[in-house]
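Per numbering that gives the first Met the number 0, numbering through the sequence shown is continuous, rising by one, with the last residue being 492. Cβ atoms here follow ideal geometry from the backbone N, Cα and C, with glycine treated the same way. Computed from a predicted model, the values in this text were never measured in an experiment.
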Amino acid sequence: MGTAAERLDRAARAITARAALLFVLAGPALSPGLAEPSPRAPSAPSDSTLHALFRDAWEWELREDPLLATSVGRHEHDDRLPEVTVADQRRRAAHRGELLARLHAIDRGRLVDEDRISYDMFERRLEDQVAAFELGEYLLAFTSETGFHTGVARLPARMPFRTVRDYENYLARLRALPRYFGQQIEVLRRALQVGMTQPRVVLEGFEVTIETHVVDDPTTGVFWAPFEEIPAAIPGGERERLRAAGRSAIREGVAPAYRAFLDFFLDEYRPGARETIAAWALPDGRAYYRQQIRHYTTLDRSPEEIHELGMAEVRRIRASMDSIIAAVEFEGSFADFLEFLRTDPRFYAETPEELLKEAAWIAKRMDGKLPSLFGKIPRLPYGIEPVPDHLAPKYTGGRYVSPALGSDEPGYYWVNTYDLDSRPLYTLTSLTLHEAVPGHHLQHAAQIELEGLPAFRRHTYLSAFGEGWGLYAELLGVEAGLYDTPYDHFGRL
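This is the structure we're talking about:
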């Protein structure tokens, strides 16, 4: 029979083998790929028309969303922020309908295999976007942890700062924040009118993500960071001018924009947010729920089918948990075991530095295993950093943050060091494998290095694949021997 730890390891390896087989069977059609794309067949007659459509649509999208353009390494729109009024949202949805019509005018049957995949992905992407507009998803301008206001706070890390022009672009965006936030607030007022809001219960404490940017001293917030070390190649007089302009832009643009949003959130949005929780309670909620299922799973399943699948998974996972509890010979109920995990000091780091070191050790151990698991390792490096202070209180335990393409930045695995009592070490192995390597960092790095694919495919995140890959990455940790204790295995579940 072997020891409890050996029995647990054998069971986990069996699960890994089954998951790997399923991934191999399903993966080639879905994966953005750790393998090289197959050689293209000779062009079919419709190829040029199809790829012209892809290029037109992508360039239009970058013009419409300058923040997206920045994030994919296209900097010709770096001096602008998006227009986000209801009219703009409607105009974009109409244009996407026109793009769909152009797509459907192309005979899919005449395309080579790779282009058929691109055709199908492009069609699904546009259909999702049009359906999301029709169901009012744009009215949900933020989630319980992030939103438009946290996105622009990442500009100092996403934009280039090498030339005077780069700084002027950044200043233009800071000065445009009152307009941008004002449009977002008007959209959110519309959301209140029709009842398309986040649940009130998830908004407690959310104001911390806003008020951190309402500063009296412009040099104390995250938006000042680019002015701390202006490149020496920029003349001294210009550096001082840019710093003065930065102080003014933060004082007159950034702080008033965030203050207006904070006042609106506290005085209007949160008090007026819905008291219900489920998506079905939204306007057209049942249709919205179906659309979300299709978006996140790529499947046309009913809510009932998804619920049954979820319940089956809960039963499977609970059985695995019970076997671990038995293996460690814990005396007590399931609830007692959870209480033990939540309160025993051995399962928690005492300092932020200790948590980061543990995450780094796990990641480096897996780095050494990658050549034996994958035939090709992407070139993009990654680092490990704490979640920024202005995000940490409402942020998840960890997340992968991709770099702006074309920058000299690596990807980053963010580890949340806020409230250490809620960051158990027994979940850190699975979290690190999921978010860093061989999870989202490896997935993203491989995807952006693919050649010969339309830009939209290199920059589209398919949740079913992405999160499926993350779970597969967690299971690979079993094969690689990274789960050192039964408690680590429990944390993976």
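Per DSSP, the beta bridge partners of F141 are G146.
Using a Cβ distance threshold of 7 Å, Y417 and P392 count as a contacting pair. Taking 8 Å as the upper bound for CB-CB distance, P385 and P351 are in contact here, some 6 Å apart. Contact check for M158 against Y166 fails: the beta carbons are separated by 7 Å or more.
Under DSSP, P234 takes part in no beta bridge, so it has no partner. A straight line joining the alpha-carbon of H433 with that of R240 spans about 45 Å. Annotation for Y287: L134, A278, L281 place their beta carbon closer than 7 Å to its own, counting only its chain and skipping 5 residues before and after. At a Cβ-Cβ threshold of 7 Å, S143 and V201 count as neighbours.
For V327, there is no enclosing alpha helix (DSSP H), as DSSP marks it with neither H nor E. Distances from the alpha-carbon of G397 to those of F226, L404, Y411, F260 put Y411 closest.
Annotation for N415: P385, V386, A391, Y394, T395, G396, G397, R422 place their beta carbon closer than 8 Å to its own, counting only its chain and skipping 5 residues before and after. M310 is classed as exposed because its beta carbon has fewer than 16 other beta carbons within 10 Å across all chains shown. Taking a contact as a CB-CB distance under 8 Å, the pair A403 and G72 counts as one, their CB atoms being some 6 Å apart. In this structure the region 285-304 does not lie against the region 146-158, because fewer than three pairs of beta carbons, one per stretch, are closer than 8 Å.
For the pair of segments examined, the region 255-265 was found to touch the region 171-182: the number of CB pairs separated by less than 8 Å reaches three. As computed with DSSP, V414 is found in a beta bridge with P385, G397.
For W223, no alpha helix (DSSP H) encloses it, and the DSSP letter there is neither H nor E.
The three-state secondary structure of Y482, taken from DSSP, is coil. It is roughly 11 Å from the alpha-carbon of V207 to the alpha-carbon of L265. With 16 or more other Cβ atoms inside 10 Å of its own Cβ, I383 counts as buried.
The beta-carbon distance between E126 and L102, rounded to whole angstroms, is 10 Å. This is too long to meet the 8 Å contact definition. Around the Cβ of I209, a 10 Å sphere holds 16 or more other Cβ atoms; the residue is buried. Along the region 236-311, the alpha helix (DSSP H) occurs as fully enclosed runs of 4 or more residues at 254-263, 284-296, listed in sequence order.
Two segments are said to touch when three or more pairs of C-beta atoms, one from each, lie closer than 8 Å; by this definition the region 107-115 does not touch the region 188-203. The three-state secondary structure of Y460, taken from DSSP, is coil. DSSP, read as helix, strand or coil, puts P344 in helix.
Distance from the CA atom of I447 to the CA atom of R456, rounded to whole angstroms, is 9 Å. Sixteen is the threshold: when 16 or more other Cβ atoms of the shown chains lie within 10 Å of the Cβ of I229, as they do, the residue is buried. An exposed status is given to H306, since fewer than 16 other beta-carbon atoms sit within 10 Å of its beta-carbon. For P198, the secondary structure class from DSSP, reduced to helix, strand or coil, is strand. The beta carbon of V193 sits closer than 6 Å to those of P282, all from its chain and outside the five residues before and after it, given in chain order. Around the C-beta of Y471, 16 or more other C-beta atoms lie within 10 Å, and the residue is accordingly described as buried. Here G367 is exposed: its Cβ has fewer than 16 other Cβ atoms, across all protein chains shown, within 10 Å. Nearest C-alpha to A86 among E58, Y137, A445, P65: Y137. Taking R378 as the centre and dropping the five residues before and after it, the same chain places the C-beta of A444, E448 closer than 8 Å to its C-beta, in chain order.
Taking a 10 Å sphere around the C-beta of T162, we find fewer than 16 other C-beta atoms and assign the residue as exposed.
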